[in-house]
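Written out below as structure tokens is the structure these notes cover.
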Ligand code: VAH
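In my numbering, the protein residues as written are 710 to 1025.
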């Protein structure tokens, strides 16, 4: 029987594009999108859609049975900045939701892909070329749910043989859907404002390096790891993956190659700056390259060229 994939959090920054990419790979009718909206928004095209809250275990089980789902991609989560504002809800959705998905996978035999983040690292983690296996003491609720989620997903793999897999994503940059409530969102908004105003005021300070990745590479990472030969996987949850590391001035300089009079200034947000300061400056992603041939295609220059072109096509 063909693989049938349930995606939670389908209307988020990753989900909006991942559902369409998964439908290209597995077939439109074999990918069931889900989120909190009552009906399927146009952006997700014409494949199956269900309204699912990941806290609703009955609806999750009913959906897996209804569509004979064998793979679950769990994206439902609150991102870093909004999670600091709503820590209890973030704990419930990010960790409670993942627990519900893992329990369902244990009972039904589904595999589970769920992304972690560079947020799973903290101030005591080696910040440059952060190793695959190292200290993980995040000091944000988002980071707590991500590192706990990694450990929980590994537990379900080693204790119950659930096929769990995940990557630690850096900041993701895309032209299709805006991110919501993250710390790295500045690196998306800057492109929109560069086209609209030829200027942007960054809430992240100059010199703040963070790992980043263009969404096409992130989508490839998810599908390639989901399809990877399990005998090659030396890690499960989760693999470091990155494509570039930059700070706001580097991004502005790249934009100026296309918009010469672009101006960048700063109004630093202490909450999101503190979150960014607790994260690595750059990751070592050699394990992903060795175990499942991870190989990003976009660097800062290629991403900027494509991002600006695609946003212009959208009429920004
Ligand atoms: C955030 N975009 O900023 C997310 C991501 C590494 C950052 O997890 O919260």
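C-beta: ideal position from N, C-alpha, C; glycine also. Note that the coordinates shown come from a computational prediction; the quantities given were computed from them, not determined experimentally.
In this structure residue 710 is exposed. Its beta-carbon is surrounded by fewer than 16 other beta-carbon atoms within 10 angstroms. For residue 991, the secondary structure class from DSSP, reduced to helix, strand or coil, is coil. In the DSSP annotation of this structure, residue 753 is not part of any alpha helix (DSSP H), being labelled neither H nor E. Relative to ligand 1, the nearest heavy atom lies less than 8 Å away from the CB of residue 890. Beta-bridge partners of residue 896 (DSSP): none assigned.
In this structure, residue 1001 and residue 994 do not form a Cβ contact; the two beta carbons are roughly 11 Å apart against a cut-off of 8 Å. According to DSSP, residue 882 shares a beta bridge with 923. Contact between the segment 776-792 and the segment 887-897 is present: three or more C-beta pairs spanning the two stretches fall below 8 Å. Residue 771 sits in a helix when the DSSP states are folded into three classes. At least one heavy atom of ligand 1 lies less than 8 Å from the C-beta of residue 789. For residue 1023, no alpha helix (DSSP H) run applies, since DSSP gives it neither H nor E. For residue 717 against residue 785, the beta-carbon gap comes to about 4 Å, under 8 Å, which counts as contact.
Within the DSSP secondary-structure output, residue 959 pairs in no beta bridge.
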